[in-house]
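Colleague: First residue of the sequence shown? That's 43 in the working numbering, and the numbers climb one at a time after it. Below are the structure tokens for one structure; questions will follow.
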Amino acid sequence: MLKTLASKLCTENQPASLQLTTLRQLHSAVTTLADARTTPSSQPTKRLNLCNAVNDALHTVLDADPKACVFGEDVAFGGVFRCTTGLLDKYGQHRVFNTPLSEQGIAGFGIGLAVMGYTAIAEIQFADYIFPAFDQLVNEAAKYRYRSGGMFNCGGLTVRAPYGAVGHGGHYHSQSPEAFFTHVPGLKVVIPSSPAEAKGLLLSAIKDPDPVVFFEPKMMYRTAVEEVPQGWYTIPLGVGRRVAAGHDVTLVGWGQQVLVLEAAARKVAAEEGITCDVLDLRTLMPWDVGLVEESVRRTGRLIVSHEAPLTSGFGAEVVATISRRAFSRLEAPPLRVCGADTPFPLVAEPAYLPGVGRVVEAIRATAHYR
Numbered sequence: 043m044l045k046t047l048a049s050k051l052c053t054e055n056q057p058a059s060l061q062l063t064t065l066r067q068l069h070s071a072v073t074t075l076a077d078a079r080t081t082p083s084s085q086p087t088k089r090l091n092l093c094n095a096v097n098d099a100l101h102t103v104l105d106a107d108p109k110a111c112v113f114g115e116d117v118a119f120g121g122v123f124r125c126t127t128g129l130l131d132k133y134g135q136h137r138v139f140n141t142p143l144s145e146q147g148i149a150g151f152g153i154g155l156a157v158m159g160y161t162a163i164a165e166i167q168f169a170d171y172i173f174p175a176f177d178q179l180v181n182e183a184a185k186y187r188y189r190s191g192g193m194f195n196c197g198g199l200t201v202r203a204p205y206g207a208v209g210h211g212g213h214y215h216s217q218s219p220e221a222f223f224t225h226v227p228g229l230k231v232v233i234p235s236s237p238a239e240a241k242g243l244l245l246s247a248i249k250d251p252d253p254v255v256f257f258e259p260k261m262m263y264r265t266a267v268e269e270v271p272q273g274w275y276t277i278p279l280g281v282g283r284r285v286a287a288g289h290d291v292t293l294v295g296w297g298q299q300v301l302v303l304e305a306a307a308r309k310v311a312a313e314e315g316i317t318c319d320v321l322d323l324r325t326l327m328p329w330d331v332g333l334v335e336e337s338v339r340r341t342g343r344l345i346v347s348h349e350a351p352l353t354s355g356f357g358a359e360v361v362a363t364i365s366r367r368a369f370s371r372l373e374a375p376p377l378r379v380c381g382a383d384t385p386f387p388l389v390a391e392p393a394y395l396p397g398v399g400r401v402v403e404a405i406r407a408t409a410h411y412r
């Protein structure tokens, strides 16, 4: 079964030989690379994992904004991943409360709160279950300002949802649905790649004038640990960051996949002297076109990687845009290293994920393309 699936997981325009990354190796890469990060601020810091950084952001906004409220399935209990631990005890049941098991209802309720001037922070327990809320988010939240001629908006709405692989989730607890929402004018889509990034981006999302879908890479909830600035700070939406500098190949990713790209970049640099410009988009809608274009104009080579299936994934948008804007500077066809066009598997998860081995294979192929 693994061999059959692996044959379908080849990098676009690549042979099907794969170097499968085990979950243990992936967790090791996450922990090692996350620990190597530096704080983005000179503020006092505290060492937190990504889950605790999200919790810290929620405490920060609830302290600062009396109209902020947090709600969703089991959030009063602390949430299935414990990201909302302690909020009910500190802020009370009028600001932190459970909802019925109805994602459509959670989103609709949040829209109503936001329209009435509240800062509504909704939690969908798993991104895999956000689809019942699709109509509310796409046809109501995203279009509220447009269809009212600018008289009303629900920009106070932020919808948090854990997404991506977790090691044992199967096809109902491991999906990456970000591309569905990047096709919706009026919504912003944000995905952090570290604890400090998660807190700063979440605070920006909560105060953004547009509704935001905020996907949190749950694989990193416990494994990614770093110094996180205390108090209020924000990271602007729509602005990516350069994680590692290089001049041979541009690597683009978001969320958990940024750490995979970092690990692959370190490997090819150590073994072959190939240097990679590793970029973290942070925000998929809007995304930092200028950052990626500038990098590709220097390197002439582009690889985009994400856990979601290859076909119609957001990587296709990045490749299409950069191919148009920097076509004359390309030295090789842009590549995508992604999940397969299959449902997310359970026991075959390590084969499905675009791990370090597959990214390294793609880097070598594009670096030596003639």
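Glycine included, each C-beta is placed from N, C-alpha and C at the ideal position. All figures in this text were calculated on a predicted structure; none of them were measured in a lab.
1) If you check the beta carbons only, do Val-96 and Glu-165 fall under 7 Å apart?
2) Can you give me the C-alpha to C-alpha distance between Gln-178 and Ile-153, rounded to a whole angstrom?
3) Per DSSP, what kind of secondary structure is Val-398 in: helix, strand or coil?
4) With a 10 Å radius around its C-beta and 16 neighbouring C-beta atoms as the bar for buried, classify Pro-234 as buried or exposed.
5) Verify whether the separation of the beta carbon atoms of Gly-228 and Ala-184 is less than 7 Å.
6) Please give me, in chain order, every unbroken run of the alpha helix (DSSP H) with length at least 4 that falls completely inside the stretch 212 to 288.
7) Spatial neighbours of Val-226 within its chain, please: CB distance less than 6 Å, with the 5 preceding and 5 following residues excluded, ordered by chain position.
8) Since Gly-121 sits in a beta bridge, which residues does DSSP pair it with?
9) Please report the residue range of the alpha helix (DSSP H) in which Phe-33 lies.
10) Please list the terminal residues of the continuous beta strand (DSSP E) segment that includes Leu-326.
11) Find out if the Cβ-Cβ distance for the pair Val-361, Asp-330 is shorter than 7 Å.
12) Mind listing, in chain order, the continuous beta strand (DSSP E) runs of no fewer than 3 residues lying wholly within the stretch 91 to 122?
13) Excluding the 5 residues preceding and the 5 following Gln-298 in the sequence, name in chain order all residues of the same chain whose CB lies nearer than 8 Å to its CB.
14) In or out: Leu-293 buried (at least 16 other Cβ within 10 Å) or exposed?
15) Please look up how many angstroms separate the CB atoms of Asp-98 and Leu-90, rounded, as I've assumed it's under 8 Å.
16) Tell me which residues share the same chain as His-410 and place their Cβ nearer than 8 Å to its Cβ, disregarding the 5 neighbours each side in the sequence.
17) Taking the straight line between their C-alpha atoms, what separation do you get for Ser-337 and Pro-142?
18) Taking the alpha helix (DSSP H) that Arg-367 falls in, what are its first and last residues?
19) Buried or exposed for Lys-249, please, with buried defined as at least 16 other CB atoms from any protein chain shown within 10 angstroms of its CB.
20) Find the nearest neighbour of Arg-366 within the set Ala-390, Pro-392, Thr-265, Val-334, judged by alpha-carbon distance.
Modeller: Once the coordinates are examined:
1) Result no, Cβ atoms of Val-96 and Glu-165 do not sit closer than 7 Å.
2) Gln-178 and Ile-153: Cα-Cα distance of roughly 8 Å.
3) In this structure, Val-398 counts as helix in the three-state DSSP scheme.
4) Per the 10 Å Cβ criterion, buried.
5) Yes.
6) The stretch 212 to 288 contains these whole alpha helix (DSSP H) runs: 220 to 224, 237 to 248, 262 to 265.
7) A distance below 6 Å between beta-carbons, with the five flanking residues on each side excluded, links Val-226 to the following residues of its chain, in chain order: Val-180, Ala-184.
8) Paired residue(s): none; Gly-121 is not in a bridge.
9) The structure shown does not extend to residue 33, since the chain is modelled only from 43 to 412, so the question has no answer here.
10) In the DSSP annotation of this structure, the continuous segment of the beta strand (DSSP E) that includes Leu-326 starts and ends at 325 to 327.
11) In this structure, Asp-330 does not lie closer than 7 Å to Val-361 by Cβ.
12) When DSSP assignments are scanned along the stretch 91 to 122, the uninterrupted stretches of beta strand (DSSP E) that are 3 or more residues long and fall wholly within it turn out to be 110 to 114.
13) Excluding residues within five positions, the ones whose Cβ falls inside 8 Å are Val-72, Gly-206, Ala-207, Ser-235, Pro-259, Met-261, Met-262, Glu-349.
14) With 16 or more Cβ atoms within 10 Å of its Cβ, Leu-293 is classed as buried.
15) Indeed they touch by this definition, with Cβ atoms about 6 Å apart.
16) Hits under 8 Å: none found.
17) If you take the alpha carbons of Ser-337 and Pro-142, they lie about 47 Å apart.
18) Element bounds for Arg-367: 356 to 367.
19) Sixteen is the threshold: when 16 or more other Cβ atoms of the shown chains lie within 10 Å of the Cβ of Lys-249, as they do, the residue is buried.
20) When the alpha-carbon of Arg-366 is set against those of Ala-390, Pro-392, Thr-265, Val-334, the nearest one is in Val-334.
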